[in-house]
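Reading through the structure tokens given below for one structure.
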RNA sequence: GCCCGGGUGGCGAAAUUGGUAGACGCAAGAGACUUAAAAUCUCUCGGCCGCAAGGCCGUACCGGUUCGAUUCCGGUCCCGGGCACCA
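Numbering (the working numbering), first residue to last: 1 to 894.
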């Protein structure tokens, strides 16, 4: 053994052994229990950041733990290789996204290997490879056949200067990030996947996932958002719309760019959905989205309204922006009829009504809905109270109680009914008039997958002037994405590439053009875990996937709690319905790792663009409380804005590269440090100041083995000598086993920070034991037993050092195949037990009682304690509570 | 704005889920060893009072339930994640 712990040499050596033994390559073994341990694959952004190290270390620790428990463990790895950052890098550096991506993969793969993860690299998948994305295309076509994929219009962010569609991330304060131009909403045709067809099952099957965090299931449930309500029809008649309405059918034609610009019937029904049909008698107006056909119709003869609708097109498309923007509206001059009373209600356009959600129209009951209440007060619309709640709904400001369920009032024949009765009665009456029925709706919307971008899976469709949109035949798959193009920020380079664009129509053989939209990258990540199971398959999946699936443990960031996990569940169910798998749910157990956060610094450019600064390139001044007051860039000394703390990301440049850490201290230190810093599910503000302590801990383990080498070798053989242990030796052995018991429990709960703490305590117990505290043979047996337990317990977290020492001490050639440690119950026994004594809940003393003492003896001993007497003396003892093994509480009066 | 989490010493955290708040570690301070440095070892380390024994306060804030609350309940503030085109 070397005098000093040299992690680089040890790690190189151990990794070579694993490599030579192909230690982590696995195959299907039908008789053996399998365990599929999967970490979310990385986007190859350039270098690993600490969030990756945390994610993959957790996955690797679980992999090695399950392996030591005897299971056939698969841990694969791959690359979520399509996406926006590659295009941004391409624009910046003039390098094709493909080249940038493959370079990043090569570097990050080297980093992952240096961390010593037990990965079966034979199964590596990159989603930008035609062998992978051809199955995106293939399944897309199957879904098209089944009607699960369909076409309709959707809203996108449009940069009028670059003439390009922007991602939400590229819109900053309503402006394009590169041009600073005010972004507009635009309606374009897109392909959709009908995930709403699976809403019921996606909701119900959450109950079949006991291994998922409640938090995540609740988020998904709320996202799917099943609601029971009533669809209500408000009849309208444009001929009776009043003096302002004399629309010329030609006037204004062609200005509405929306696809809904067609004519609408003069008489019809405006449908809305409500979960509060009981308040229908309190509806005082109806509001539609700016893009609603009735709004567009009214705008033809009303320039002011047309201008307002134009204005509504400004601003972002995200729900957050719409929910926080100032609520604005304008009367259309049109009216609709209340379906029950026949009353004339004004029709308004509201910027808070979304065309893509529900019917694009809402009935407004200002007395019992907060948003309607505000809107009505702003525009002087009437408020009619129709529910008796714990507060009368008449005053400004709004009170939450106004929205409660209650008894109907001012509602004619419905007066006195409660919520359920009122909904039933009103739904029945509407139904009799063909103006409504009960209906279940979902908050979940269908998944728009078309992206007007280059670096993604080409959508396998051909546009033919004769035949329309024609699917690419299976035998022409994959539609290969050319890899040499460089985007320039103005639209999709595929649309400017004749070699990609021009093709022949599979139907008529005439000249045609390819669809240039690519798929949302969430498609790529919705089924990659199937592909890992079937390396080299000539089909999408084969029977090998039936052995491995479902994933037994999935690990990834909490930020994926909804979208990625929901899309993956949806795709799995579609694959099942197509007969490709038996799996109903892809992930049996889910661990949502907390985010690794760091400070964010940025500067806004003159054009409105935004420039981020890495935390190590700025100078920060703080006040006495440690709050950041000012920041300067090191490079130019000019001020920089502080953006708070947030998740480490490529785009915000606040990621910390683990490479320096690994090079200085080795992979084991990086791994143990990451696990010790916080429990896996907690978020973690990055700070590497404690890393020295971890290095010190590993060095102490190494030093203990070096200094006690012979004793550790001999003691391992002399198990019988454990029985001779006396006094301090017994105490040390008890401490080892007590901490082992706690650590094994925490291992099972995947609470690795306290596992590491337990390992430290075990080492402390062993190092504190004096060599002359009892018989030498017993000493050697105690430290050898404890050290061998410690090495095995720690091996999933620090695999290199523990493997090295395991073989150095001759405990075995391969710690991977060693038995998982077990507690010796005999070592835990105590002669006496320490109890805390409280008086009225405050600690006043400590007593030690024999292990078998009964309640009466404990009470007597507790009250006899000198300090306890000071507080009990002269007072009546009301009762004494004894919590076995913990404490005694003496309750006194007066 | 809506949905989901979180808030404990100077710092990361722990607490068998209602039973000694601060284990384990970092940082800091004092000391030992050393020509010196590094490494290592010993001690102190939530605040206030006290020579000490010990006492009072303390788990974001306000209130409640309980013999006993970091833990349960009601309310407030702050921070993080998501909000459908970042992945």
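Every residue, glycine too, gets a C-beta built ideally from N, C-alpha and C.
- Here the segment 842-860 does not lie against the segment 796-809, with fewer than 3 beta-carbon pairs under 8 Å apart.
- Beta-bridge partners assigned by DSSP to residue 691: none are found.
- With respect to residue 153, residue 184 sits apart: the two C-beta atoms are not nearer than 7 Å.
- Along the segment 724-764, the alpha helix (DSSP H) occurs as fully enclosed runs of 4 or more residues at 727-748, listed in sequence order.
- Taking residue 373 as the centre and dropping the five residues before and after it, the same chain places the C-beta of 366, 398 closer than 6 Å to its C-beta, in chain order.
- Distances from the CA of residue 835 to each of 672, 862, 35 were compared; the closest alpha carbon is that of 862.
- Looking at the DSSP output, residue 186 bridges to 156.
- In this structure, residue 7 places its C-beta atom within 7 Å of the C-beta atom of residue 668.
- When C-beta atoms of the segment 569-583 are compared with those of the segment 600-620, fewer than three pairs fall below 8 Å, so the two segments do not count as touching.
- A Cβ-Cβ distance of about 14 Å is found for the pair residue 882 and residue 839, leaving them out of contact under the 8 Å criterion.
- Below 8 Å, too few C-beta pairs join the segment 115-132 and the segment 461-470 to call them touching: fewer than three.
- With a cutoff of 7 Å on beta-carbon distance, residue 282 and residue 438 are scored as not near each other.
- Here the segment 412-423 does not lie against the segment 45-60, with fewer than 3 beta-carbon pairs under 8 Å apart.
- For residue 461, the enclosing beta strand (DSSP E) stretches over residues 461-464.
- Counting other Cβ atoms within 10 Å of its Cβ, residue 628 stays below 16 and is therefore classed as exposed.
- In the structure shown, residue 312 adopts helical secondary structure according to DSSP, grouped into three states.
- In the structure shown, the three-state DSSP call for residue 406 is coil.
- Shown here, residue 8 sits in a helix according to DSSP, grouped into three states.
- 7 Å or more divides the Cβ of residue 524 from the Cβ of residue 459.
- Within the DSSP bridge table, the entry for residue 633 names 618 as partners.
- When secondary structure is reduced to three states using DSSP, residue 355 falls in the coil class, being assigned neither helix nor strand.
- In the structure shown, residue 361 falls within a strand segment according to DSSP collapsed to helix, strand and coil.
- Between the segment 90-103 and the segment 535-554 there are fewer than three inter-stretch CB-CB distances shorter than 8 Å, so the stretches are not counted as touching.
- Every candidate alpha helix (DSSP H) stretch fails here, since none sits fully inside the segment 16-61 while reaching 4 residues.
- Within 10 angstroms of the beta-carbon of residue 568 lie 16 or more other beta-carbons, which makes it buried.
- Nearest neighbour of residue 864 by Cα position, chosen from 878, 323, 890, 749, turns out to be 890.
- Taking the Cβ atoms as the reference, residue 549 lies roughly 6 Å from residue 533, within the contact range of under 8 Å.
- Within the same chain, and ignoring the five residues on either side of residue 831 in sequence, the residues whose Cβ sits closer than 8 Å to its Cβ are 850, 851.
- Contact between residue 719 and residue 781 holds, with the beta-carbon distance rounding to 6 Å and staying under 8 Å.
- Here residue 229 really is in contact with residue 441; their C-beta atoms are around 6 Å apart, less than 8 Å.
- If only complete runs of 4 or more residues are kept, the segment 521-586 shows the alpha helix (DSSP H) at 521-524, 528-531, 544-548, 563-577, in order along the chain.
- Residues of the same chain with a CB within less than 6 Å of the CB of residue 105, apart from the 5 flanking positions on each side, are 44, 79 in chain order.
- Here residue 444 has 195, 196, 199, 223, 224, 225 as same chain residues with Cβ atoms under 7 Å from its own Cβ, once five neighbours each way along the sequence are excluded.
- Residue 437: member of the beta strand (DSSP E) spanning 436-442, first to last residue.
- Our two residues, residue 22 and residue 496, have alpha carbons roughly 47 Å apart in a direct line.
- A residue is called buried once 16 or more other Cβ atoms fall within 10 Å of its Cβ, and residue 81 is buried on that count.
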